[in-house]
Structures are given as structure tokens and as C-alpha cells.
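Enquirer:
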Amino acid sequence: MLTWTYVDWGGNIGRGHTNLGFPFYEVEIKGWNDNQHYSDLEDLILVKVIETYSTIEVKLNYLHPDARNNLKARKLAKNTESYLINALRNKD
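The numbering used here numbers the first residue of the sequence shown as 13 and each following residue consecutively.
Okay, here's the thing in C-alpha cells:
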């Protein structure tokens, strides 16, 4: 099982609309061990929140098989999920 010393967002918040026209926000979480050269940077989790007619759906896509077992990555995914839900609710 792989572990990562560092986990963080892999860039900016992505936003757009689904094929059905629902707005969404998404963030990719990345993990790495070498904080100087990022030579082992890996995609871990894609967090996506979608505003539908009456609810907000959350989709976690585990991009690396060991990401489910990494508590740091899962905690960041949960915090990111809350952040994106609040962003969708307060977008107007």
C-alpha cells in the first residue's frame, strides 16, 4: 500500500455544466512525497459536487487504488466536499 507525505488540491476549482445542464464544481486531490521536485506526484481523488433540481450530489472518484486507505487524503476530500457544497449554495 502506497502512502503520501503531502496531499493537497491539484490546481484550481474546475466548474462547468453536466450534459443535462446542471452546474458543478470539481477539485482533484494529489499526493506526493518529494516536496522539492514533485517527481512522484499522483492523482488520488476527484471530488465533484453537482447541483440538480432539488439536491446537491457528491461524487468521489478514487483515481488511485490506495487513496481509499489514506486517511489524510480522505480527510481532505471530506473538507473539499463541504467547501464545494457551500460554494454551490452561495454562488448567487
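All C-beta atoms, glycine included, are put in the ideal place defined by N, C-alpha and C.
For the structure I just gave you, are there three or more beta carbon pairs, one from the region 65–78 and one from the region 25–32, closer than 8 Å?
Expert: Short answer: they don't touch.
Enquirer: Ignore the nearest five residues each way along the sequence and tell me which others in Asn47's own chain have a CB closer than 8 Å to its CB.
Expert: Thr17 and Tyr18
Enquirer: Beta carbon of Ile41, beta carbon of Leu88: below 9 Å?
Expert: yes
Enquirer: Taking just the CA atoms, how far does Asn82 sit from Glu54?
Expert: 13 Å
Enquirer: Hey, out of Lys90, Arg86, Val70 and His76, whose CA is closest to Asp52's CA?
Expert: His76
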